[in-house]
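Have a look at the structure below, then the notes.
2 protein chains.
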Amino acid sequence: MCKHCRVIPKKPVAMKDVATRLGLSISTVSRALNGRPGVAEPTRQKVLAESQALAYVISPATSAVTGSRTGRIGIVTPRADVWYYSSVIAGAEEKLREHGIETILHCLPTESERRDFFSELPLQHSVDGLIVVSFPVGADDPTQLDRLRTPVVSVSVRFPGVPFVSIDDRLAAIQAVSHLTRIGHRRIAMIRTVDPDGLPWAADLARTEGYIAALANSGIEGQDELIVTAPWGIDGGAEAMERLLSLVAPPTAVFCLSDEVAIGALRTLRRSGISVPETMSVIAIDDHPMAELTDLTTIAQPARQLGEIAAEMVIAAAAGEGLDDVVLPTRLVARHTTAPPPAA
Amino acid sequence: MCKHCRVIPKKPVAMKDVATRLGLSISTVSRALNGRPGVAEPTRQKVLAESQALAYVISPATSAVTGSRTGRIGIVTPRADVWYYSSVIAGAEEKLREHGIETILHCLPTESERRDFFSELPLQHSVDGLIVVSFPVGADDPTQLDRLRTPVVSVSVRFPGVPFVSIDDRLAAIQAVSHLTRIGHRRIAMIRTVDPDGLPWAADLARTEGYIAALANSGIEGQDELIVTAPWGIDGGAEAMERLLSLVAPPTAVFCLSDEVAIGALRTLRRSGISVPETMSVIAIDDHPMAELTDLTTIAQPARQLGEIAAEMVIAAAAGEGLDDVVLPTRLVARHTTAPPPAA
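In the order they appear, the protein sequences are chains R and S. The first sequence: position 71 = 71 (the numbering used here), numbered continuously. The second sequence: position 257 = 257 (the numbering used here), numbered continuously.
What follows is the structure, encoded as structure tokens:
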């Protein structure tokens with residue numbers, strides 16, 4: 001039994017419990033429950049009845065209404081079908097499963113869905129805790145989480161009073177942009193993103209700060225025309241790159257919020273006949289599996305590990321333990337989309 | 001209220017119920033539950049007590065032990081962090097959410113984890129139904145699902161007595177390979193995949209059948225050396241392509257089980273200096289977002305829609321409705337990795 005399971009029941013009704021109560025072997029109970037041959041019908045009925053009775057007394061569903069634990073943790077995420085979110089979800093689900101805890105997945109793409117969800121959560125008694133994965137920050141959000149009467153851990157977004165696990169987004173941006181200044185770039189653009197509601201992500205805000213700080217560290221003044229904002233994703237990155245190429249003086253390098261945005265930017269550059277990295281350098285943050293394929297230089301972040309750690313934190317929080325925030329390191333992965341700028 | 005919600009309760013305890021019982025406005029109840037200012041403490045206590053009481057009577061957790069519904073559907077999948085599975089999950093979760101049903105995510109990568117899960121499920125009373133997403137077929141699996149005492153719908157894998165939604169994998173392979181024969185290829189390889197346990201997926205078996213059938217339709221005899229099997233994924237595809245290039249007479253075209261496998265094969269071809277499509281054609285199945293980026297010719301399958309339909313089917317099954325299997329169409333997306341073979 002894992003050290004946290006004193007609080008959240010692990011597999012509360014197991015075949016072994018049923019077998020012990022009836023004086024049967026586990027394999028007989030298993031065969032009976034699965035309708036396999038080799039078990040007399042009266043025995044099968046006894047196994048089913050005992051299973052139901054045990055479940056009635058100590059199943060997670062029962063314990064929820066008696067005021068104890070549900071055996072379930074919720075993950076709240078804007079979406080499940082892109083690399084970053086699906087990696088965090090996979091990491092968290094695996095770790096929760098190891099502790100015998102079920103994962104309830106809540107994909108809430110809009111601010112109004114999130115507001116409704118957090119308003120109604122206290123009524124539902126359906127989870128022992130929540131993992132909130134990087135969603136865009138609206139005006140209302142920060143005041144909600146700390147008033148939920150359930151433990152909450154956030155991933156890559158910081159709310160007052162809520163423990164979090166994250167990379168240092170500002171530092172990751174500094175790592176990316178400093179790589180560009182170090183090899184001689186001075187005219188460096190950034191592609192930022194907004195969600196479909198037009199809200200920025202916390203990571204976007206911190207990475208933009210890091211971009212500006214890294215430029216300042218090299219004595220470069222930021223220029224508004226070099227910061228463009230697009231919807232998140234490949235198409236957004238492609239369109240943002242088109243806008244940068246529409247400038248009278250385009251940049252010699254582009255820092256993209258994420259790899260998928262950079263992959264869109266690379267598509268535009270390829271279609272424009274602009275050679276990467278000879279004429280234009282591109283760098284991003286993530287280390288998406290496709291980054292290797294496209295030879296994209298990027299700052300790697302351990303998305304799956306963020307989910308694993310968030311799961312361990314929320315289990316500890318549900319056990320009443322105090323939590324320290326966790327910041328995971330990021331690092332440069334040097335590939336072939338970055339090079340010194342063309343000679344003037 | 002949606003047409004299915006007569007069976008599975010939608011948001012069983014809503015703020016409106018609490019407000020009605022206490023003669024308060026919904027906004028007062030909301031403020032009380034969320035700990036916001038503007039509500040007298042005695043009122044807040046009344047709201048909390050009434051919420052608890054209502055939840056006790058009719059929450060999904062309670063109804064589970066009184067023999068009715070849980071308001072939850074489980075999704076069983078080998079993994080959550082690659083395009084196909086994450087798209088199915090996202091589609092199903094969205095549709096279930098529309099019906100007020102929670103999604104429990106079960107990622108079970110190995111055969112033994114799946115066997116344990118299905119054995120213990122009847123004891124847990126934790127879901128109203130299951131969506132089982134394409135996992136590799138082991139010797140034991142087919143006999144388990146139809147003996148669970150909960151409605152099951154499968155996605156892209158067929159089990160006796162279990163309704164399913166899928167593409168026609170055999171036909172999708174025929175579409176891919178026929179495209180190659182139509183433009184003149186005769187020496188066509190296939191890259192198959194196995195899971196980490198060494199088990200084939202149902203989709204792999206059906207696509208291999210389709211590959212052989214399409215060759216036969218063009219009077220081409222299949223050759224064992226042209227069928228290679230690798231672990232699923234980019235690296236597997238890369239390694240399988242290396243093996244095909246090790247043949248004394250390599251193929252002129254390769255049909256890959258999926259886009260991610262093809263992307264690995266393209267990486268090997270690029271590193272080998274073999275030009276695509278001039279010297280080697282590559283085609284696959286999926287239409288992954290990266291397929292457009294890599295100009296990969298592929299057979300598109302609607303993964304998200306598979307999840308949406310599976311959700312509607314399992315809701316109907318939980319309502320006791322009979323179900324017909326659903327087969328969604330696939331289609332060729334012509335891009336730039338396929339061309340006639342080089343002149344002999």
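Just so it is clear, CB atoms sit at the ideal spot from N, CA and C, and this is done for glycine as well.
Query                                                                                                 : Result
CB contact flag (Ala318/R, Pro151/R, <9 Å)                                                            : yes
Extent of the continuous alpha helix (DSSP H) run through Met313/S                                    : Ala303 to Ala318
Residues sharing a beta bridge with Gly129/R, DSSP                                                    : Ile73/R
C-beta atoms of Ile131/S and Val153/S nearer than 9 Å                                                 : yes
Closest residue to Leu247/S among Ile263/S, Ala253/S and Leu226/S (Cα-Cα distance)                    : Leu226/S
Residues near Pro347/R in its chain [Cβ-Cβ closer than 7 Å; skip 5 each side]                         : Because chain R spans 1 through 344 in this model, residue 347/R falls outside it and cannot be assessed.
Boundaries of the alpha helix (DSSP H) in which His179/S is found, first to last residue              : Asp169 to Arg182
Chain S within 9 Å of Met313/R, Cβ atoms only                                                         : no
Ala214/S beta carbon less than 9 Å from that of Ala253/S                                              : no
Opening and closing residue of the beta strand (DSSP E) in which Thr297/S lies                        : Thr297 to Ala300
Range covered by the beta strand (DSSP E) that runs through Ile104/S                                  : Glu102 to Cys107
Proximity test, Cβ basis, 9 Å: Pro196/S and chain R                                                   : no
Residues bridged to Phe164/R [DSSP beta-bridge criterion]                                             : Ser154/R
Cβ neighbour criterion (16 or more within 10 Å) applied to Ala284/R                                   : buried
Positions along the segment 73-95 of chain S whose CB lies within less than 7 Å of some CB in chain R : Arg79, Ala80, Asp81, Ser86, Ser87, Ile89, Ala90, Glu93 and Glu94
Exposure label - Arg114/S; buried when at least 16 CB within 10 Å                                     : buried
Chain R within 9 Å of Thr294/S, Cβ atoms only                                                         : yes
Rounded distance between the beta-carbons of Leu296/S and Met280/S, thought under 8 Å                 : At roughly 13 Å, the Cβ-Cβ gap does not stay under 8 Å, so Met280/S and Leu296/S are not in contact.
CB of Leu293/S within 9 Å of CB of Arg267/R, strictly                                                 : yes
Backbone secondary structure at Phe118/S - three-state DSSP                                           : helix
Proximity to Glu50/R [Cα-Cα], best of Gly23/R, Pro37/R, Val333/R and Gly273/R                         : Gly23/R
Chain S contacts from the segment 271-290 of chain R (Cβ-Cβ distance under 8 Å)                       : Pro289 and Met290
Beta carbon of Val155/R nearer than 9 Å to that of His106/R                                           : no
Chain R within 9 Å of Ile212/S, Cβ atoms only                                                         : no
Val282/S versus Asp235/S, Leu257/S, Leu121/S and Glu312/S, residue with shortest Cα-Cα distance       : Leu257/S
Bridge-paired residues (DSSP) for Asp286/R                                                            : Ala300/R
Inter-residue Cα distance where the pair is Ala350/R and Gly233/R                                     : For chain R, the structure presents residues 1 to 344; residue 350/R sits outside this window and is missing.
Closer than 9 Å to chain R by CB, Ile131/S                                                            : no
Alpha-carbon to alpha-carbon, Gln45/R and Ala291/R                                                    : 56 Å
Spatially closest choice to Pro302/S from Gly198/S, Val88/S and Asn217/S, by CA coordinates           : Val88/S
Arg97/R at chain S interface by Cβ criterion, 9 Å                                                     : yes
Cα-Cα separation between Val165/S and Gly273/S, rounded to whole angstroms                            : 41 Å
Chain-ordered neighbours of Leu24/R on chain S, where CB pairs are closer than 9 Å                    : Per Cβ cutoff of 9 Å: no residues; Leu24/R is ~14 Å from chain S at best.
Straight-line Cα distance separating Leu332/S from Thr28/S                                            : 56 Å
Partners in chain S for Ile234/R, counting only beta-carbon separations shorter than 9 Å              : Pro289, Met290, Glu292 and Leu293
Residues that Pro231/R bridges to, as DSSP identifies them                                            : Val194/R
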